[in-house]
Amino acid sequence: MATHIVEKKTYYTVFAALMVFLAATIGIAYIHLGKLNVVAALAIAFVKAWLIILYFMHVRYSSRLLWIFVGAGFFWLAILFALSFADFLTRL
Amino acid sequence: MSDPSTALAHQFDDIEQQHESASLGMWIFLATEIMFFGALFLGYSVYRSAYSPAYSEASRHLDVVLGGINTAVLLCSSLTMALAVHAAQLGGRRTVVMFLLATIILGSTFLGIKGLEYYHKYEEHLIPGAHFEFPGPNGPRAQIFFSFYFVMTAMHALHMVVGVGIMLVMILLTIRRRFSASYYFPIEMAGLYWHFVDIVWVFLFPLLYLVDRS
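Residue numbers (numbering that gives the first Met the number 0), protein chains in the order written: chain A, 0 to 91; chain B, 0 to 213.
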């Protein structure tokens with residue numbers, strides 16, 4: 000819902016941030032962090048996705064109702080992962 | 000159709016409600032897409048935690064340079080897509096077509112590089128099936144990794160192809176003056192789809208290419 004027209008400058012800033020995060024993802028992958036490598040990679044991916052959703056997809060400027068719809072998809076995904084891993088990780 | 004009074008469909012109170020309705024509908028569709036790809040990511044994750052060493056070894060056979068370039072290409076395409084929607088909000092036809100074209104070119108570049116990667120895998124005998132070859136004890140488990148790699152990236156590529164098709168339609172409609180500053184919603188909804196496909200790749204790249212590079 001963008002009756003609010005986002006400035007082009009915002010898009011460029013977000014894009015620059017995304018590219019920086021991409022470089023960080025690749026760079027960190029080559030540093031040995033053990034278990035933290037996947038955590039770092041996923042964390043950066045989440046931040047990038049969040050930036051794209053908020054700004055490129057205009058969610059930041061949208062109604063609460065839209066936020067709920069956006070959240071619903073990811074909420075269901077969380078259920079999928081939570082219950083599946085609750086089973087899988089607790090198998091002997 | 001560029002006249003605001005004809006853009007409003009009769010079942011809506013006003014154009015804002017129509018716009019929000021379109022966005023809500025698109026996000027419901029994206030929720031189904033989240034679950035669709037989510038299932039693939041879940042399967043990948045279960046096997047990754049079970050076969051960690053094999054995944055590490057198999058992942059190193061993927062080309063980080065090409066994968067990284069592809070990620071950058073898709074991020075650029077998201078920028079051009081956002082700028083296309085921006086131009087549509089301001090009612091500019093030429094700029095919209097220009098940015099949509101840029102988005103298509105970048106998306107096609109992504110697909111071309113993906114095809115090149117697939118070809119390399121074919122040459123290296125890393126396509127799961129009768130001709131799969133992976134020396135060492137991790138062979139069978141590596142094949143599972145590559146199965147996920149091909150299915151997930153192929154599904155993603157298929158979505159990209161559909162996206163490119165949708166953008167072509169948007170270009171056609173824009174040229175035919177179907178949009179205006181008060182009615183540009185199809186372009187914005189197409190943009191939502193495109194950004195979503197980009198987000199899927201943002202997760203695919205580190206999970207497939209960067210498993211254990213240190």
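Glycine included, every Cβ here is placed at the ideal spot set by N, Cα and C.
Around the C-beta of G190/B, 16 or more other C-beta atoms lie within 10 Å, and the residue is accordingly described as buried. Taking a beta-carbon distance threshold of 8 Å, L53/A does not count as an interface residue toward chain B. For S213/B, at least one C-beta of chain A is nearer than 8 Å to its own C-beta. About 18 Å separates the beta carbon of L105/B from that of K7/A, a gap too long to meet the 8 Å contact definition.
Proximity of chain B to A44/A at the Cβ level (cut-off 7 Å) is accounted for by V201, F202 and P205, in chain order. Residues of the segment 149-166 of chain B with a C-beta atom less than 9 Å from some C-beta of chain A do not occur. Contact between A86/B and V95/B is confirmed by a C-beta separation of about 5 Å, below the 8 Å threshold. Nearest in C-alpha terms to R92/B, of all of Q142/B, Y183/B and I112/B, is Y183/B.
By the Cβ-count criterion, L88/A is exposed, with fewer than 16 other Cβ atoms from all chains shown falling within 10 Å of its own Cβ.
The Cβ of Q17/B sits no closer than 8 Å to any Cβ of chain A. S181/B and A30/B have their alpha carbons spaced roughly 27 Å apart. When Cβ-Cβ separations below 8 Å define contact, V69/A makes contact with chain B. Segment contact: the segment 140-147 of chain B against the segment 39-54 of chain B, three or more CB-CB distances shorter than 8 Å; contact assigned. In the DSSP annotation of this structure, the continuous segment of the alpha helix (DSSP H) that includes V38/A starts and ends at L35 to L50. The beta carbon of V13/A lies closer than 6 Å to those of L50 and Y54 in the same chain, with the five residues before and after it left out. Only residues of its own chain outside the window of five on either side were considered, and among them F109 and I112 have a CB closer than 6 Å to the CB of N69/B, listed in chain order.
Contact of T70/B with chain A is assigned, a C-beta pair being separated by under 8 Å. Judged by DSSP in its simplified three-state form, H130/B adopts coil rather than helix or strand. Restricting attention to Y11/A, L65/A, I52/A and I78/A, the CA atom closest to the CA of I27/B is found in L65/A. Under the 8 Å Cβ criterion, the segment 69-81 of chain A counts as touching the segment 29-49 of chain B, having at least three qualifying pairs. The beta carbon of R59/A lies closer than 7 Å to those of L53 in the same chain, with the five residues before and after it left out. Using a Cβ-Cβ cut-off of 8 Å, K34/A does not count as an interface residue toward chain B, since no Cβ of chain B sits closer than that to its own.
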